[in-house]
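Protein chains: 4
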Amino acid sequence: MNELLRTDLALEEKESFEGDGGEISGVKLTENEKDDINGRVTVVDIFNKKGAKSMNKPVGKYITLESDYMGVDDSEYIEKLQKELADIIGELIGNMKKGISVLVVGLGNRDVTSDSLGPRTTEKVHITRHLEESESNVSGIIPGVMAFTGIESAQIVKGVIDEIKPNLVIAIDALAARSVLRLGKTIQLTNTGIQPGSGVGNHRNSLTEASLGVPVIAIGVPTVVTAAALVYDTSEAFIEALKSSAYSSTIGESVEKLSNAQRYELIRDIIEPKLGPMFVTPKDIDEKIRVLSEIVSGGINIALA
Amino acid sequence: MNELLRTDLALEEKESFEGDGGEISGVKLTENEKDDINGRVTVVDIFNKKGAKSMNKPVGKYITLESDYMGVDDSEYIEKLQKELADIIGELIGNMKKGISVLVVGLGNRDVTSDSLGPRTTEKVHITRHLEESESNVSGIIPGVMAFTGIESAQIVKGVIDEIKPNLVIAIDALAARSVLRLGKTIQLTNTGIQPGSGVGNHRNSLTEASLGVPVIAIGVPTVVTAAALVYDTSEAFIEALKSSAYSSTIGESVEKLSNAQRYELIRDIIEPKLGPMFVTPKDIDEKIRVLSEIVSGGINIALA
Amino acid sequence: MNELLRTDLALEEKESFEGDGGEISGVKLTENEKDDINGRVTVVDIFNKKGAKSMNKPVGKYITLESDYMGVDDSEYIEKLQKELADIIGELIGNMKKGISVLVVGLGNRDVTSDSLGPRTTEKVHITRHLEESESNVSGIIPGVMAFTGIESAQIVKGVIDEIKPNLVIAIDALAARSVLRLGKTIQLTNTGIQPGSGVGNHRNSLTEASLGVPVIAIGVPTVVTAAALVYDTSEAFIEALKSSAYSSTIGESVEKLSNAQRYELIRDIIEPKLGPMFVTPKDIDEKIRVLSEIVSGGINIALA
Amino acid sequence: MNELLRTDLALEEKESFEGDGGEISGVKLTENEKDDINGRVTVVDIFNKKGAKSMNKPVGKYITLESDYMGVDDSEYIEKLQKELADIIGELIGNMKKGISVLVVGLGNRDVTSDSLGPRTTEKVHITRHLEESESNVSGIIPGVMAFTGIESAQIVKGVIDEIKPNLVIAIDALAARSVLRLGKTIQLTNTGIQPGSGVGNHRNSLTEASLGVPVIAIGVPTVVTAAALVYDTSEAFIEALKSSAYSSTIGESVEKLSNAQRYELIRDIIEPKLGPMFVTPKDIDEKIRVLSEIVSGGINIALA
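The following block contains the structure:
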């Protein structure tokens, strides 16, 4: 898979198989409509190596909370989403819940609006590890990006974990999606942690149970698509439009005969030398990040209280 | 011209005519290579109504300082650019220079990295209006965006001008370019002020001598292209690649037969319903804004000292 | 009255008369215990010129909401205080309430924690003036301090008012108290606006109905005491301690014989050349400002919804 | 020594002995007037246990750079101070200089202006550890305060050191001074690291070679005095004034007869129950921190280039 066209969302990866009937060996999909939030909870369960290989993601659970209304500044609705999220977190934590110590990690760059979800969420999490009278034990860290620290976020987190030995890590990150339509409208939770090369800017190292020695729940929200993905997306629509339009009936058909691999290659040849790494992001990204950090921190606070 | 494909840069507007020979009645172009900065200063002089109509921009001077190296954090090079910029500002101010009072206006949204050039530059300008012993008289204001104030920036600026009656306004703004290649590498200065619909987000109202009663120099740096412009740009390259590639020799030719108007329509049909307002911005936009705000504020400080 | 020992709180001014029996001609005091917030609402009503002269404050209503628990991050309690505050604002607005347009002004310096209450509160106010479908009409402005703008806050506000012509101004400001014990635990509301020389740093100009042509409600919270006030306060305690202690029974008595005027003079002689303008502020001022800005913005949002 | 009256400055500790002739066994003092900066460099060398005990500070070098003009925004003067500072850092690093890897640690709370020197300085340090082509190896971390992380800064730093194993730590911190006159006008550098209980807010844990396994240079600037220290300071002046003034010739003399211990006790009895932890800070602390972070980061950047 061309790296410029990657997605951090298991759901999008799954959808890319839908032309093939949608059934993938080793992967189970469960959808639940949630009428009270006008949304949906989808569980993508990758349960063996074959599934992992097909999906290009490790074995584990990927739970997605979706709603078109997400990101709108409506305090009642935000509260509903927080509760839904808390339920999902509770499910992922499972029976380890009572009395565990949790380190919340806010990944990303506070100074780039679209990459600031992790830091801004972590700032709003109720930190209790230092309070003697507290029943919960929550700590938090914002490691910062390599341009400012010179150190991989993963190394900073590893060092802190070795010092304070939490039972669980919850890592929050802004993600790159394939489709512009998902930006700010989807929250993905997974018990597989953060994979190398994920996240906005594609610069994260691994934060997983294997690398850290502690279970890692990753919570991510797509806030950008790469420019290449946007062009690829729209080129599809472009071809479709050419095919069906009055402009030219033959062009689209010819392009359609290209295999997916040929199309990828074509787009990459066009995009890569021209653009360098570019992000596409909604105009009101600051407002969206503000609301989403409230939703995610609220969900965590309810789940860990 | 489709609004989604607009550019705030007179230079880009000029370039779009280049297929037609490049000569436009009422517009004069002067280019100066600047070897010491490995760059170029270009003056687009729109000197009559015919030129204004062709260029879709008011009569006046548009001076562009370009360099591929711009935005790199190199203090010696930054200093050179500041001096070059100060010269251009001095030229635009002309013989009004001695003892004038200047209001610097930082337009845009401090909380959206790509739109924060105006506020961040204004913060670094030497403010002297309140200092009794100072020879210069520089004041500054960051009006904020409508989502936070409920008021047009232009109204706030107008109100302040009526109170303090400066001799000159310098307005700084992040711009939208047509080409991704210009992002962060071009500074445009003009004595025509800010036009309605310019700027990142396309939400500024007019800040001109006609609307404010004071001459207005606008300084802008392109920090985003709209997603539509990106797709349009790449669709051109897409067609070119199709034409010349082994994939299909006939497609490109067919698309090429579409008129420009037909192509615009096609792109718009694809993009508009799908995307809503989206920005494309470089991954390292925070670093670029930091350096560019230093360059622009430094240029202003030298010019007004 | 020595300027270094000033207070922005009418309540403290009133208390300074308490040794004289507490009755001041032209001033009426009403206290209401509020058991649900473990606090108190006090109305100081200065109703004629004589009262104004005694109190060194203009004729008008000064309503104070006090509670020792204020500033603690407890969302249920914060909500109670917001409602209480909304009631007081509603009372001050009176029968002008329906459909009025309100300009909220956040005074002070965002970069000095103790002086950032105004800006931080205004950021959290629901701005609706630009929304067509909204029933309320609320705009907001953060004028910034003179060191960054070169312009008096009052001039910027005046300019904006002349442009948008609101029916009411609500100005929020951090105040200087006399007593350290009040810091962050008192909210003062008044229909007399902001007086020259009030506020943290003692640098505000007048924002009153007389100066702006619009009624002005000022909401303030004491966040600093001047160093001089602290020393004066403690010198009183010092003398008291000297008098009553085993250390020395005669000293205190001797100092006690000094008149108030003599004591002021003495303190000023010691403090002024030595200190320059110094602020005393609680160690956890960032947390306090965060909570207080939530309380005040919440109160305004409820009152204006 | 009463904790409320502590100072983080070795120089102030030394000065408190001056009534006793100024000579302390185990401590050597060297002063150098620096005419080009209108300032002074003082080396307090504590060279044995006896000196350490007298000074209440560990054996090591404490170098102080002082100037009344420090903190003023004058770029030429700032450059001179940066070079002076770089020389002192070079001296403290000594012969380990070539090719060493350095971790810069910014202690303190970014959200409290007077405590933000460490974070703001570290942000301006040239980070090179991640750059392959760089000759230097500088990394940086801003651990944040316990209220936001739930973790001791010292633990976070320890964890990171265990991961990246630097040769040297440079820790930057805002300090508490005894005298208001020193605020923002003194930079202290020491090869003994950070002691428990030092810093603004008195909440740092130990960052020393013993605790971290790596040499630690600490750079600190006093930005606050505790309210208790201020009152103590002024009470001295108070007594002095009483003694010498026309008001009363006998009071001061009586108080003067109290021993230092008695006076401390007296002040503490007055201050402690009344105030809680309070900071005294200059009104223009934001400007001072901005300039001082430029001076300190500049000095580090020159020394490590």
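Residue numbers (the numbering used here), protein chains in the order written: chain A, 1 to 305; chain B, 306 to 610; chain C, 611 to 915; chain D, 916 to 1220. Every residue, glycine too, gets a C-beta built ideally from N, C-alpha and C.
- Within its own chain, the residues whose Cβ lies closer than 7 Å to the Cβ of Leu292/A, once the five positions on either side in sequence are excluded, are Gly71, Leu117, Gly184, Val221, listed in chain order.
- Interface criterion not met: the Cβ of Gly118/A is under 9 Å from no Cβ in chain D.
- For Ile100/A, the three-state secondary structure derived from DSSP is coil.
- Cα atoms of Val536/B and Asp373/B: separation of roughly 23 Å, rounded to the nearest angstrom.
- A check of alpha carbon separations from Ile127/A across Phe1063/D, Leu1022/D, Glu1047/D, Thr1028/D identifies Phe1063/D as the nearest.
- For the options Met1061/D, Gly1108/D, Val1140/D, Ile1134/D, the alpha carbon positioned closest to that of Gly1128/D is the one of Gly1108/D.
- Under the three-state reduction of DSSP, Gln387/B is assigned to helix.
- Lys14/A carries a helical assignment under DSSP once its states are collapsed to helix, strand and coil.
- Going by DSSP, Val214/A is part of no beta strand (DSSP E) at all; its letter is neither H nor E.
- One alpha carbon belongs to Val410/B, the other to Ile469/B, and they sit about 13 Å apart.
- Just so you know, the alpha carbons of Glu1067/D and Leu914/C end up roughly 43 Å apart.
- Within the stretch 138 to 211 of chain A, the beta strand (DSSP E) runs of at least 3 residues that lie entirely inside it are, in chain order, 168 to 177, 186 to 190.
- A Cβ-Cβ separation of about 7 Å places Ile752/C in contact with Gly449/B under the 8 Å criterion.
- Of all residues in the stretch 1035 to 1055 of chain D, the ones placed with a Cβ closer than 9 Å to any Cβ belonging to chain A are Thr1037, Glu1038, Ile1042, Thr1043, Arg1044, His1045, Leu1046, Asn1052, Val1053, Ser1054, Gly1055, in chain order.
- Listed along the chain, the chain A residues whose CB falls inside 7 Å of the CB of Asp1077/D are Gly159, Asp162.
- With respect to chain B, the C-beta atom of Ile285/A has a partner C-beta closer than 9 Å.
- If you look at Glu733/C, you'll find it in the alpha helix (DSSP H) that goes 727 to 733.
- Tyr374/B sits in coil when the DSSP states are folded into three classes, being neither helix nor strand.
- Scanning Leu778/C, Lys667/C, Thr833/C for the CA closest to the CA of Met706/C turns up Leu778/C.
- Around the beta carbon of Glu938/D, a 10 Å sphere encloses fewer than 16 other beta carbons of the protein chains shown; the residue is thus reported as exposed.
- Interface residue (Cβ-Cβ distance to chain C less than 9 Å): Met375/B is not classified as such.
- Not one beta carbon of chain D lies nearer than 9 Å to the beta carbon of Gly193/A.
- DSSP places Arg40/A in the uninterrupted beta strand (DSSP E) bounded by 39 to 46.
- Listed by position along chain C, the residues whose Cβ is nearer than 7 Å to that of Thr454/B are Ile737, Ser749, Gly750, Ile751.
- Excluding five sequence positions before and after Ser1121/D, the CB atoms of its chain that fall closer than 8 Å to its own CB belong to Ala1069, Gly1108, Ile1109, Gln1110, Pro1111, given in chain order.
- In the structure shown, the three-state DSSP call for Lys893/C is coil.
- Around the beta carbon of Asp646/C, a 10 Å sphere encloses fewer than 16 other beta carbons of the protein chains shown; the residue is thus reported as exposed.
- The beta carbon of Tyr687/C lies closer than 8 Å to those of Ile647, Tyr679 in the same chain, with the five residues before and after it left out.
- What Gln155/A touches in chain D, judged by beta-carbon distance under 7 Å, is Glu1078, Ile1079, going in chain order.
- Take Ile895/C, set aside five residues on each side of it, and the residues of its chain with a beta-carbon closer than 7 Å to its own are Thr723, Ser724, Thr833, in chain order.
- Under the Cβ criterion (8 Å, minimum of three pairs), the stretch 921 to 929 of chain D counts as touching the stretch 961 to 978 of chain D.
- Contacts between Gly144/A and chain D, judged by CB atoms closer than 9 Å, involve Gly1055, Ile1056, Ile1057 in chain order.
- Annotated as proximal: Ala482/B and Asp313/B, with beta-carbon spacing under 9 Å.
- Contact with chain B is found for Pro282/A, since one of that chain's Cβ atoms lies less than 9 Å from the residue's Cβ.
- According to the DSSP secondary-structure assignment, Val834/C is paired through a beta bridge with Ala786/C.
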